[in-house]
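Going by the UniProt record's numbering, the first residue of the sequence shown is number 1, and it counts up by one from there. Glycine is no exception: its CB is placed at the ideal position from the N, C-alpha and C atoms. Everything numeric in this text was worked out from a predicted model, so none of it was measured. Only one structure is covered here, and it is reproduced in the block below.
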Amino acid sequence: MALTATLEEQQRLLELQRLDSDTDAARAQMGRLRSDEQLRELKTQANAIAAEETELSGAADTARTELATAEERVERTQARRDQTRSRLDAGQGGAKELQNMGHELETLESLLQDHEEQQLAAMENAETAEDALTAASTRLAAVRDHVSAREQHVQAELQEVAGRGKALLAQRAELAALLPETLIAAYERARERNGGIGAARLEGNISGASGMALSPVELEAIQALEPTEVARCPETDALLIRP
1 MALTATLEEQ QRLLELQRLD SDTDAARAQM GRLRSDEQLR ELKTQANAIA
51 AEETELSGAA DTARTELATA EERVERTQAR RDQTRSRLDA GQGGAKELQN
101 MGHELETLES LLQDHEEQQL AAMENAETAE DALTAASTRL AAVRDHVSAR
151 EQHVQAELQE VAGRGKALLA QRAELAALLP ETLIAAYERA RERNGGIGAA
201 RLEGNISGAS GMALSPVELE AIQALEPTEV ARCPETDALL IRP
């Protein structure tokens with residue numbers, strides 16, 4: 001049995017197709033926004049810098065501990081040297097003891113020099129570690145700002161697209177109510193088979209559904225149909241709306 005519809009209904013079917021295509025595009029856009037590549041890359045970057053910051057924070061803690069240990073070692077050695085020097089300057093003890101204290105003082109002076117060099121190296125290491133940690137924290141804060149800004153942008157886009165999609169669905173429901181159920185059913189079956197294309201215009205001998213030219217025999221068969229008989233694309237079986 002031939003599928004029939006008034007000329008007005010057939011034209012409305014093209015408008016229904018437009019609304020459905022726009023709705024499909026809105027859904028696809030929402031999918032892209034939900035998996036926004038730029039946002040995903042920014043979050044990946046932020047996570048990498050956060051991991052680096054954690055590692056650098058541990059290194060800075062270690063460097064601070066090593067510096068504190070070096071400073072304490074210098075203080076202890078200085079105290080022993082100063083005590084030994086005071087005793088030696090005061091001449092406390094016998095000649096042998098004073099001689100030993102002189103040797104001890106020389107040893108402590110040399111040891112103190114080593115400890116002070118180690119302290120200086122520890123200070124430089126701590127400063128380098130702190131600078132690296134500060135730089136990482138600064139970079140992390142900047143990237144997190146970018147993440148926040150991108151999230152706000154994506155959310156605003158999602159809301160806009162969702163609102164547009166809602167309006168399209170409302171228009172679609174209003175228009176579909178004006179069309180026969182049999183026409184809608186045939187259109188929906190064609191859409192399902194053809195990846196969203198259920199109806200298209202016939203422009204000359206070109207099917208808007210397939211984008212291909214109809215053969216003379218196919219075109220003649222369509223032209224022989226009554227105006228109220230709905231034509232179909234020979235290639236896709238989508239509904240073809242004649243001018």
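Would DSSP call residue 178 helix, strand or coil? Start at 1 with the first residue of the sequence shown, and residue 178 comes out as number 178. Three-state DSSP puts residue 178 in coil, outside helix and strand.
Residue nearest to residue 239 in terms of C-alpha spacing, selected from 204, 205, 183, 130: Here residue 239 refers to the residue found at position 239 of the sequence shown. Among 204, 205, 183, 130, the Cα nearest to that of residue 239 is on 183.
Do you know offhand how far residue 145's Cα is from residue 63's? Start at 1 with the first residue of the sequence shown, and residue 145 comes out as number 145. Start at 1 with the first residue of the sequence shown, and residue 63 comes out as number 63. Residue 145 and residue 63: Cα-Cα distance of roughly 30 Å.
Only counting the same chain, and skipping five residues up and downstream in sequence, which positions put a Cβ closer than 7 Å to that of residue 73? For the purposes of this step, residue 73 is identified with residue 73 of the sequence shown, where counting begins at 1. Here the set comprises 115.
Looking at the structure shown, is residue 151 part of a helix, part of a strand, or coil, going by DSSP? Against the sequence shown, residue 151 aligns to sequence position 151. Residue 151: helix per DSSP, three-state reduction.
Where the alpha helix (DSSP H) through residue 238 begins and ends: Here residue 238 is taken as the residue at index 238 of the sequence shown, counted from 1. Residue 238 -> no alpha helix (DSSP H), and no H or E assigned at all.
How would you label residue 112, buried or exposed, when you count the other beta carbons within 10 angstroms and need 16 or more for buried? As a working mapping, residue 112 is identified with position 112 in the sequence shown. By the 10 Å Cβ count, residue 112 comes out buried.
For the 8 Å Cβ check, are there 3 or more pairs between the region 148-161 and the region 101-110? no
What is the DSSP secondary structure of residue 210, counted as helix, strand or coil? Mapped onto the sequence shown, residue 210 falls at position 210. Coil at residue 210, not helix or strand.
Any alpha helix (DSSP H) of 4 or more consecutive residues that is wholly inside the region 24-83: none
Where residue 83 falls, given that 16 or more other Cβ within 10 Å makes a residue buried: As a first step, residue 83 is located in the sequence shown; it is residue number 83 there, counting from the start. Burial call: exposed.
Specify the secondary structure class of residue 228 as computed by DSSP and reduced to three states. The sequence position of residue 228 within the sequence shown is 228, counting from 1. Three-state DSSP puts residue 228 in coil, outside helix and strand.
By alpha-carbon positions, which one of 237, 9, 27, 224 ends up nearest to residue 160? Reading the sequence shown from its first residue, position 160 is the one you call residue 160. The residue with the shortest Cα to Cα distance from residue 160 is 27.
Who are the near neighbours of residue 201 in its chain, counting only those whose CB is closer than 7 Å to its CB and skipping five residues on each side? Counted from its first residue, the sequence shown places residue 201 at position 201. The residues are 14, 208, 241.
Under the assumption that residue 132 contacts residue 56 (Cβ atoms under 8 Å), give the Cβ distance between them as a whole number of angstroms. As a position in the sequence shown, residue 132 is number 132, starting the count at 1. As a position in the sequence shown, residue 56 is number 56, starting the count at 1. About 5 Å separates the two Cβ atoms, so the contact holds.
Is it buried or exposed for residue 53, if we count other Cβ within 10 angstroms and need 16 for buried? Stepping through the sequence shown from its first residue, residue 53 is reached at position 53. By the 10 Å Cβ count, residue 53 comes out buried.
May I have the straight-line CA-CA distance separating residue 231 from residue 23, to the nearest angstrom? For this step, residue 231 is matched to residue 231 along the sequence shown. For this step, residue 23 is matched to residue 23 along the sequence shown. Those two C-alpha atoms are separated by around 25 Å.
Suppose the cutoff is 6 Å on Cβ atoms and the five residues either side in sequence are ignored; what does the same chain contact list for residue 2 look like? Taking the first residue of the sequence shown as 1, we reach residue 2 at position 2. Within the same chain, residue 2 has close Cβ partners 229.
Between residue 227 and residue 7, which are expected to be in contact by the criterion C-beta below 8 Å, what is the C-beta distance as a whole number of angstroms? Here residue 227 corresponds to residue number 227 of the sequence shown, with the count starting at 1. Here residue 7 corresponds to residue number 7 of the sequence shown, with the count starting at 1. With 8 Å as the limit, residue 227 and residue 7 qualify as a contact, their Cβ atoms being about 6 Å apart.
Nearest neighbour of residue 243, chosen from 10, 5, 20 [CA to CA]: The residue you call residue 243 lines up with position 243 of the sequence shown. Cα-wise, what sits closest to residue 243 is 10.
Use the C-beta contact count for residue 236: other C-beta atoms within 10 angstroms, 16 or more gives buried, fewer gives exposed. By 1-based counting over the sequence shown, the position of residue 236 is 236. Buried, by the Cβ-count rule.
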